[in-house]
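Participant:
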Amino acid sequence: MAKNLVPSDAKLAITQIKSTIGGKQNQRDTLRSLGLKRIGHTVVRTADSVTVGMINTVPHLVKVEEAK
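Going letter by letter, the sequence shown gives residues 1 to 68 in UniProt numbering.
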């Protein structure tokens, strides 16, 4: 579900699943801006346009699910 998300009013649970070691600096900055600090860390954010854009920047590093 992490590919090509569209903005909505849903809540998303975003979990970091891969390391940023060896990654580009903008990808590291994007994960930090999402609030993710380490592998396995999960944050809940609304699916606004800013959040969706950040998720679409690093879809290979995160797992996205709809929060309950």
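We put the CB at the ideal spot given by N, CA and C, even for glycine.
(1) Leaving aside the five residues before and after T30 along the sequence, list all residues of the same chain whose C-beta is less than 7 Å from its C-beta, in chain order.
(2) If you follow the beta strand (DSSP E) that T15 is in, where does it begin and where does it stop?
(3) Can you give me the Cβ contacts of A13 inside the same chain, cut-off strictly under 6 Å, excluding the 5 residues immediately before and after it?
(4) So what does R45 bridge to, in DSSP terms?
(5) Can you pull the DSSP bridge partners for K63?
Facilitator: Considering the structure as presented:
(1) Numbered from its first residue, the sequence shown carries residue 30 at position 30. A distance below 7 Å between beta-carbons, with the five flanking residues on each side excluded, links T30 to the following residues of its chain, in chain order: M54, T57 and V58.
(2) Here residue 15 is taken as the residue at index 15 of the sequence shown, counted from 1. Boundaries of the beta strand (DSSP E) around T15: K11 to Q16.
(3) Stepping through the sequence shown from its first residue, residue 13 is reached at position 13. Same-chain partners within the cutoff: T42, V44, E65 and A67.
(4) On the sequence shown, position 45 is the one that residue 45 refers to. As computed with DSSP, R45 is found in a beta bridge with L12.
(5) Counting from one through the sequence shown, the residue named residue 63 turns up at place 63. The partner list for K63 (beta bridge, DSSP) reads T15.
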